[in-house]
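Chains as they are written, first to last, in our numbering: chain A, 1 to 386; chain B, 387 to 772.
Here a beta-carbon is modelled for each residue, glycine too, at the ideal position from N, C-alpha and C.
One structure below.
There are 2 protein chains.
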Amino acid sequence: MRDQACIVGIGETEYCRKPGSGMSTLALQLKAAAGAIEEAGLSAASIDGIMPFPNVGKAEELAANLGCENLRYAATIHMGGAAPVASLQAAAAAVVAGMANYVLIPGGWNGYSGPRVRQTVSSDTASIPGGTIARDYYLPFGMTAPPQWYSLMARRHMHEFGTRSEQLGAIAVAMRKHAQQNPRAVMHGRPMTLDDYMASPMLADPYRFFDCCLETDGGSAVVVTTAERARDLPHSPVYIMGGACGQPYPADEITNRRDIFRTGLTIAAPEAFAKAGVTPTDIDFAQIYDCFTFEVLQQLEEVGFCKRGEGGPFVEGGRIELGGELPVNTHGGLLSEAHSLGIGHITEAVRQLRGEAEGRQVANAEIGLVTGWGDFGDGSVAILRR
Amino acid sequence: MRDQACIVGIGETEYCRKPGSGMSTLALQLKAAAGAIEEAGLSAASIDGIMPFPNVGKAEELAANLGCENLRYAATIHMGGAAPVASLQAAAAAVVAGMANYVLIPGGWNGYSGPRVRQTVSSDTASIPGGTIARDYYLPFGMTAPPQWYSLMARRHMHEFGTRSEQLGAIAVAMRKHAQQNPRAVMHGRPMTLDDYMASPMLADPYRFFDCCLETDGGSAVVVTTAERARDLPHSPVYIMGGACGQPYPADEITNRRDIFRTGLTIAAPEAFAKAGVTPTDIDFAQIYDCFTFEVLQQLEEVGFCKRGEGGPFVEGGRIELGGELPVNTHGGLLSEAHSLGIGHITEAVRQLRGEAEGRQVANAEIGLVTGWGDFGDGSVAILRR
Numbered sequence: 001m002r003d004q005a006c007i008v009g010i011g012e013t014e015y016c017r018k019p020g021s022g023m024s025t026l027a028l029q030l031k032a033a034a035g036a037i038e039e040a041g042l043s044a045a046s047i048d049g050i051m052p053f054p055n056v057g058k059a060e061e062l063a064a065n066l067g068c069e070n071l072r073y074a075a076t077i078h079m080g081g082a083a084p085v086a087s088l089q090a091a092a093a094a095v096v097a098g099m100a101n102y103v104l105i106p107g108g109w110n111g112y113s114g115p116r117v118r119q120t121v122s123s124d125t126a127s128i129p130g131g132t133i134a135r136d137y138y139l140p141f142g143m144t145a146p147p148q149w150y151s152l153m154a155r156r157h158m159h160e161f162g163t164r165s166e167q168l169g170a171i172a173v174a175m176r177k178h179a180q181q182n183p184r185a186v187m188h189g190r191p192m193t194l195d196d197y198m199a200s201p202m203l204a205d206p207y208r209f210f211d212c213c214l215e216t217d218g219g220s221a222v223v224v225t226t227a228e229r230a231r232d233l234p235h236s237p238v239y240i241m242g243g244a245c246g247q248p249y250p251a252d253e254i255t256n257r258r259d260i261f262r263t264g265l266t267i268a269a270p271e272a273f274a275k276a277g278v279t280p281t282d283i284d285f286a287q288i289y290d291c292f293t294f295e296v297l298q299q300l301e302e303v304g305f306c307k308r309g310e311g312g313p314f315v316e317g318g319r320i321e322l323g324g325e326l327p328v329n330t331h332g333g334l335l336s337e338a339h340s341l342g343i344g345h346i347t348e349a350v351r352q353l354r355g356e357a358e359g360r361q362v363a364n365a366e367i368g369l370v371t372g373w374g375d376f377g378d379g380s381v382a383i384l385r386r
Numbered sequence: 387m388r389d390q391a392c393i394v395g396i397g398e399t400e401y402c403r404k405p406g407s408g409m410s411t412l413a414l415q416l417k418a419a420a421g422a423i424e425e426a427g428l429s430a431a432s433i434d435g436i437m438p439f440p441n442v443g444k445a446e447e448l449a450a451n452l453g454c455e456n457l458r459y460a461a462t463i464h465m466g467g468a469a470p471v472a473s474l475q476a477a478a479a480a481v482v483a484g485m486a487n488y489v490l491i492p493g494g495w496n497g498y499s500g501p502r503v504r505q506t507v508s509s510d511t512a513s514i515p516g517g518t519i520a521r522d523y524y525l526p527f528g529m530t531a532p533p534q535w536y537s538l539m540a541r542r543h544m545h546e547f548g549t550r551s552e553q554l555g556a557i558a559v560a561m562r563k564h565a566q567q568n569p570r571a572v573m574h575g576r577p578m579t580l581d582d583y584m585a586s587p588m589l590a591d592p593y594r595f596f597d598c599c600l601e602t603d604g605g606s607a608v609v610v611t612t613a614e615r616a617r618d619l620p621h622s623p624v625y626i627m628g629g630a631c632g633q634p635y636p637a638d639e640i641t642n643r644r645d646i647f648r649t650g651l652t653i654a655a656p657e658a659f660a661k662a663g664v665t666p667t668d669i670d671f672a673q674i675y676d677c678f679t680f681e682v683l684q685q686l687e688e689v690g691f692c693k694r695g696e697g698g699p700f701v702e703g704g705r706i707e708l709g710g711e712l713p714v715n716t717h718g719g720l721l722s723e724a725h726s727l728g729i730g731h732i733t734e735a736v737r738q739l740r741g742e743a744e745g746r747q748v749a750n751a752e753i754g755l756v757t758g759w760g761d762f763g764d765g766s767v768a769i770l771r772r
């Protein structure tokens with residue numbers, strides 16, 4: 001599978017925090033999808049595969065609105081924020097196996113002007129991260145919002161390894177710094193210091209306000225095809241060297257796992273590196289799904305950029321900033337660019353590998369890594385090259 | 387992809403119509419899945435891929451209950467009754483691409499003792515066949531039940547091609563006849579004549595009571611792996627020669643399609659035959675998704691067993707019965723065995739190709755075809771060989 005499939009088009013809407021932007025989640029994704037299809041030099045009619053995120057219903061909603069008349073591959077990965085990157089490898093397999101020629105992966109939502117995440121209390125277990133466990137054991141006791149769930153893992157890491165708030169802050173500061181070089185970022189023009197971070201209100205100990213990702217409106221999308229078909233298209237293809245995904249066990253519990261830090265990435269990361277034939281030292285930049293600061297630290301450990309327990313020191317001293325040893329989330333991430341459910345991490349990786357990242361370009365970027373993370377530890381990873 | 391993946395295990399619960407059977411949809415699927423895993427000679431721990439049907443939520447519900455600790459591939463095909471067969475090709479691609487070693491595809495539901503199909507009126511568009519179109523334009527006007535939706539296509543076929551009720555009846559009679567050779571069938575021991583069929587009450591013209599599939603409780607499941615891994619397992623593998631799926635356009639409308647008979651099978655069937663390297667004349671038996679009688683006739687045309695408009699005469703004279711030219715639904719199908727959402731068509735094909743179909747065995751069965759159909763014309767097809 002290595003290098004047999006690639007990303008040939010990316011599209012994004014404006015990212016914003018505006019009440020009443022008037023765009024539904026479907027409309028945002030359609031706009032981004034249309035942009036990605038056009039950027040790829042394709043027509044909607046040629047898109048014959050769609051991997052919809054669960055928040056827009058089924059693929060036919062997208063197909064009917066875009067005009068994809070020959071839809072012959074449609075599948076949904078139900079892994080929350082891990083879904084987009086997990087979909088990349090499934091899309092790669094689909095085009096290589098001939099199940100589709102051009103697969104669209106759209107994402108995003110009206111996370112600011114529409115229903116907020118913390119209001120997602122539903123009897124539909126399929127829509128709740130953690131499913132029945134969360135519905136029956138977390139929600140009734142007031143644990144209804146993601147910062148509450150995920151702060152447990154951060155606190156445990158602090159307890160076991162001495163990780164400090166200033167280290168989580170270093171992550172938030174790095175993302176914000178990168179956003180200053182990204183005009184699309186919602187936090188562009190709004191720099192932040194470590195003092196600002198430490199002064200922000202505590203929401204769910206140890207998570208402060210600035211440990212949490214943004215709630216924004218926005219959509220983004222990518223188009224995947226075979227390396228062979230990519231030759232006829234306008235942009236330099238970005239090759240999918242290797243990808244993998246995994247789920248912790250039991251997937252839908254945080255508190256009852258034998259090892260709280262054994263996430264889906266524990267399964268996925270070594271598999272992706274083996275498929276790609278590279279190691280963490282070959283990676284020029286990483287786009288790490290950053291729903292909260294600690295999740296970046298955790299994933300850097302899981303992927304193997306440092307050992308378990310060493311993530312705190314690793315993120316300090318500018319190592320994950322532009323110009324550092326491993327620039328992370330060069331666009332600003334969910335923390336400072338926007339929350340398009342992780343597709344934005346892929347589009348930024350494509351920009352970096354095309355050399356189109358302007359003021360935040362990583363010099364000589366050849367190989368990048370992108371992760372997805374969601375639903376209490378589902379993990380996905382893709383290794384991309386120019 | 388041809389012959390590189392195969393089905394190595396099948397499992398089924400009892401099929402029944404009992405109020406208060408006490409089995410949830412999840413429990414039924416788990417029981418069938420455990421059976422399929424055991425029949426394949428595997429342990430639950432070795433199952434690292436699951437393709438859940440949407441009615442059980444996410445893969446982790448199944449993984450946690452079965453004990454699949456290393457789940458690294460999970461995807462859901464949202465195509466209603468076309469999903470199980472569409473999942474077969476996705477599972478084949480997954481194992482061939484190394485995304486998983488053993489993929490479980492479970493199905494079924496408590497369709498008798500639980501909520502009935504005609505009661506599925508929900509604001510959740512993802513759960514309604516036809517999505518927003520059905521919600522906004524069909525349901526408010528009293529078109530809430532599948533026989534109402536699908537009878538439109540049957541009536542149109544009668545109008546255009548002169549298809550007659552007796553021909554739909556021939557399909558119902560053939561399925562019932564086959565069920566007499568299948569002790570698992572709910573209609574085993576309850577034969578039916580064409581006169582019985584014609585005397586049954588009209589529900590949604592031209593659909594009579596006996597044009598409609600059964601509402602039953604039951605689960606079934608299959609396990610897919612690579613041809614190489616299959617060599618170490620106890621049963622003769624059933625090879626996936628070729629598979630494909632497709633969606634009509636617009637997928638979520640019946641009444642507004644330019645061509646009401648252009649379904650997903652129009653896209654999928656030629657693709658599957660091309661992949662498999664065979665033609666309709668090479669097929670020894672067909673398991674056709676039979677939510678209603680006419681859908682069998684329609685699919686026989688779409689797959690290419692006869693030309694469009696000729697399905698009526700084709701199904702007459704015992705041609706689709708055991709001993710006929712093309713035995714169809716040798717287990718009795720959804721009409722007379724049980725409604726496990728289409729997985730039962732796959733398990734029966736496996737039994738036929740293993741030579742384990744006992745009194746209903748098709749002599750010298752070498753190549754079989756299975757279809758899935760759902761959500762207003764999504765179609766899927768797999769060609770299997772012993």
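So, with DSSP's three-state summary, where would you put residue i?
i	result
residue 390(A)	The requested residue 390(A) is not part of the displayed model; chain A covers only 1 to 386.
residue 457(B)	coil
residue 265(A)	helix
residue 232(A)	coil
residue 201(A)	coil
residue 689(B)	helix
residue 463(B)	coil
residue 173(A)	helix
residue 142(A)	coil
residue 208(A)	strand
residue 53(A)	coil
residue 322(A)	coil
residue 428(B)	coil
residue 239(A)	strand
Can you list, in chain order, the residues of its chain with a C-beta nearer than 6 Å to that of residue i? Leave out the 5 residues immediately preceding and following it.
i	result
residue 803(B)	Residue 803(B) lies beyond the residue range present for chain B, which begins at 387 and ends at 772; the question has no answer from this structure.
residue 673(B)	715, 731, 734, 735, 756
residue 272(A)	242, 243, 244, 381, 383
residue 174(A)	320, 321
residue 276(A)	241, 242, 383
residue 237(A)	6, 8, 230
Measure from the alpha carbon of residue i to the alpha carbon of each residue in the options, then state which is nearest.
i	options	result
residue 149(A)	371(A), 376(A), 180(A), 26(A)	376(A)
residue 370(A)	310(A), 302(A), 323(A), 47(A)	302(A)
residue 207(A)	176(A), 19(A), 167(A), 190(A)	167(A)
residue 334(A)	115(A), 219(A), 362(A), 266(A)	219(A)
residue 211(A)	323(A), 135(A), 63(A), 192(A)	192(A)
residue 562(B)	676(B), 754(B), 423(B), 436(B)	676(B)
residue 437(A)	19(A), 95(A), 100(A), 187(A)	Nothing can be reported for residue 437(A): it is not among the residues displayed for chain A, which extend from 1 to 386.
residue 443(B)	316(A), 343(A), 186(A), 131(A)	131(A)
residue 752(B)	723(B), 722(B), 712(B)	712(B)
Measuring only the C-alpha atoms, how far is residue i from residue j?
i	j	result
residue 281(A)	residue 180(A)	27 Å
residue 528(B)	residue 145(A)	39 Å
residue 700(B)	residue 542(B)	18 Å
residue 679(B)	residue 417(B)	30 Å
residue 472(B)	residue 655(B)	12 Å
residue 391(A)	residue 3(A)	Only positions 1 to 386 of chain A appear in the structure, and residue 391(A) is not among them; the question remains open.
residue 299(A)	residue 523(B)	46 Å
residue 665(B)	residue 101(A)	23 Å
residue 646(B)	residue 525(B)	20 Å
If you drop the 5 nearest sequence neighbours on each side, which residues of the same chain put their C-beta closer than 8 Å to that of residue i?
i	result
residue 740(B)	621, 622, 624, 772
residue 419(B)	397, 448, 452, 490, 492, 605, 607
Excluding five sequence neighbours on each side, which residues of the same chain lie with their C-beta closer than 7 Å to the C-beta of residue i?
i	result
residue 619(B)	394, 426, 427
residue 226(A)	4, 5, 95, 96
Inter-stretch contact (C-beta, 8 Å, three-pair minimum) for the segment 724–740 of chain B and the segment 584–592 of chain B: no
If you pair each beta-carbon of the segment 36–51 of chain A with each one of the segment 65–74 of chain A, do three or more pairs fall below 8 Å? The segment 65–74 of chain A and the segment 36–51 of chain A touch, with three or more beta-carbon pairs separated by less than 8 Å.
The segment 353–364 of chain A in contact with the segment 58–68 of chain A per 3-pair CB rule at 8 Å: Because the criterion of three Cβ pairs below 8 Å is not met, the segment 353–364 of chain A and the segment 58–68 of chain A do not touch.
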